[in-house]
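Engineer: Numbering (mature numbering (1 follows the signal peptide of the UniProt record, and there is no 0)), first residue to last: -19 to -1, 1 to 233. Beta carbons are placed, not taken as given, at the ideal position from N, Cα and C, and that holds for glycine. The structure presented is a predicted model; accordingly, all values stated were derived computationally and were not measured. First the structure, then my questions, so here it is.
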């Protein structure tokens, strides 16, 4: 499987090699409404803007992203806040990454605990942060969280403008009912299954690590999927509550 970043040839682990997911079927979002939305860029990115993954600001000096995004040297990453269009270098704040913590339970075989906490060399002081959703019951069928990202707006290419999309929580059974998802490691305790069974809206390449937000809290981060916005192929997100204890130790 590829990373949602590469996994998703769409917003989730696409199963395409190498690209990171983006929001398909979404609408334009503003840094004003989502000041905690962070573009995790990389100097090795194939994009001229540096686009690589997404993240969420959870403390002035801490951002949460997907573990699978951390496949380059820490020194090559930098965080961008307050920039709707990644090509517009005249706005927003930028910080290098001084340290990276990848959940010790993460592995590339089953993608469990696909989450990481990065420390900003230059804290984004004064920027509203996104609290972690540590209650497992928040992941409930019928809830409608919103995913944010700068990824592709369709399978064919990148957009690089901050987008958002409402993706209904389908409940774990929806993903556990897809044989390929089970074989790729979907787990009720550590994942959120969200999207539309009919397809049309999803995270996609470039969106990996981006925030899934419910009621003003970080419910999950974009992890993987099969294609982008494909019928019967919901997006898979790492559930924050499933890794809450370890994450809180890193964020505090």
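Per DSSP, which one or two residues make a beta bridge with residue 127?
Structural biologist: Position 146 of the chain shown holds residue 127. DSSP output for residue 127 lists 147 and 194 as bridge partner(s).
Engineer: Between 76, 49 and 35, which lies nearest to residue 193 when the distance is taken from Cα to Cα?
Structural biologist: Along the chain shown, one-based indexing puts residue 193 at 212. For residue 193, the nearest C-alpha among the options comes from 35.
Engineer: Can you check DSSP and say which residues form a bridge with residue 19?
Structural biologist: Numbered from its first residue, the chain shown carries residue 19 at position 38. BP columns for residue 19 point to 36 and 62.
Engineer: Identify whether residue 174 lies in helix, strand or coil by the three-state DSSP scheme.
Structural biologist: The residue labelled residue 174 in the question sits at position 193 within the chain shown. DSSP places residue 174 in strand when its eight states are reduced to three.
Engineer: Report the partner residues of residue 113 according to the DSSP bridge assignment.
Structural biologist: On the chain shown, position 132 is the one that residue 113 refers to. According to DSSP, which records beta bridges pairwise, residue 113 is partnered with 199.
Engineer: I'd like the span of the alpha helix (DSSP H) that includes residue 167, first residue to last.
Structural biologist: Within the chain shown, residue 167 is the residue found at index 186, counting from 1. Per DSSP, residue 167 belongs to no alpha helix (DSSP H) and is neither H nor E.
Engineer: Please identify the residue among 160, 120, 117 and 146 whose C-alpha is closest to the C-alpha of residue 191.
Structural biologist: Mapped onto the chain shown, residue 191 falls at position 210. The candidate whose alpha carbon is nearest that of residue 191 is 146.
Engineer: Straight-line CA distance for residue 221 to residue 84?
Structural biologist: The sequence position of residue 221 within the chain shown is 240, counting from 1. The sequence position of residue 84 within the chain shown is 103, counting from 1. Going by the C-alpha atoms only, they are around 12 Å apart.
Engineer: For residue 227, report the span of its alpha helix (DSSP H) as first-last.
Structural biologist: To locate residue 227, count along the chain shown from 1; it is residue 246. Where residue 227 is concerned, the enclosing alpha helix (DSSP H) stretches over 225 to 232.
Engineer: Please classify residue 217 as buried or exposed, where buried requires at least 16 other C-beta atoms within 10 Å of its C-beta.
Structural biologist: For the purposes of this step, residue 217 is taken as the residue at position 236 of the chain shown. Residue 217 should be labelled buried.
Engineer: Can you give the Cα-Cα distance for residue 175 and residue 91, rounded to whole angstroms?
Structural biologist: Taking the first residue of the chain shown as 1, we reach residue 175 at position 194. Taking the first residue of the chain shown as 1, we reach residue 91 at position 110. So the alpha carbons of these two residues sit roughly 18 Å apart.
Engineer: When burial is assigned at 16 or more other CB atoms within 10 Å of the CB, is residue 242 buried or exposed?
Structural biologist: Residue 242 is absent from the structure shown; the chain starts at -19 and stops at 233.
Engineer: Mind reading off the beta-carbon distance from residue 123 to residue 170? Whole number of angstroms is fine, and I expect it under 8 Å.
Structural biologist: Walking along the chain shown from the start, residue 123 turns up at place 142. Walking along the chain shown from the start, residue 170 turns up at place 189. Between residue 170 and residue 123 the Cβ distance is about 19 Å, and since that is not below 8 Å, they are no contact.
Engineer: Here's the rule I'm using: 16 or more other beta-carbon atoms within 10 Å means buried, otherwise exposed. How should residue 14 be labelled?
Structural biologist: The residue given as residue 14 occupies position 33 in the chain shown. Its Cβ having fewer than 16 others within 10 Å, residue 14 is exposed.
Engineer: Are there 16 or more other CB atoms within 10 angstroms of the CB of residue 121, so buried, or fewer, so exposed?
Structural biologist: Mapped onto the chain shown, residue 121 falls at position 140. Answer is exposed; the Cβ neighbour count stays below 16.
Engineer: Is the number of C-beta pairs between the segment 94 to 108 and the segment 43 to 55 that are closer than 8 Å three or more?
Structural biologist: Segments in contact, yes.
Engineer: Would the beta-carbon of residue 61 fall within 7 Å of that of residue 39?
Structural biologist: For the purposes of this step, residue 61 is identified with residue 80 of the chain shown, where counting begins at 1. For the purposes of this step, residue 39 is identified with residue 58 of the chain shown, where counting begins at 1. The answer is no: Cβ separation not under 7 Å.
Engineer: Assign residue 273 to one of two classes, buried (16 or more other C-beta atoms within 10 Å of its C-beta) or exposed (fewer than that).
Structural biologist: The structure shown does not extend to residue 273, since the chain is modelled only from -19 to 233, so the question has no answer here.
Engineer: Helix, strand or coil for residue 160 per DSSP?
Structural biologist: Here residue 160 is taken as the residue at index 179 of the chain shown, counted from 1. Helix, per DSSP.
Engineer: Going by DSSP in three states, residue 89 sits in which element: helix, strand or coil?
Structural biologist: Here the question's residue 89 lines up with position 108 in the chain shown. Three-state DSSP puts residue 89 in coil, outside helix and strand.
Engineer: Can you give the Cα-Cα distance for residue 188 and residue 109, rounded to whole angstroms?
Structural biologist: Here residue 188 refers to the residue found at position 207 when the chain shown is read from its first residue. Here residue 109 refers to the residue found at position 128 when the chain shown is read from its first residue. Their backbone Cα atoms lie some 21 Å apart in a straight line.
Engineer: For residue 107, which of 16, 82, 178 and 128 has the nearest alpha-carbon?
Structural biologist: Numbered from its first residue, the chain shown carries residue 107 at position 126. Comparing Cα-Cα distances from residue 107 to each of 16, 82, 178 and 128, the minimum goes to 16.
Engineer: On the DSSP letters alone, give me the boundaries of the beta strand (DSSP E) that residue 100 sits inside.
Structural biologist: Locating residue 100 in the chain shown gives position 119, where the first residue counts as 1. Residues 97 to 101.
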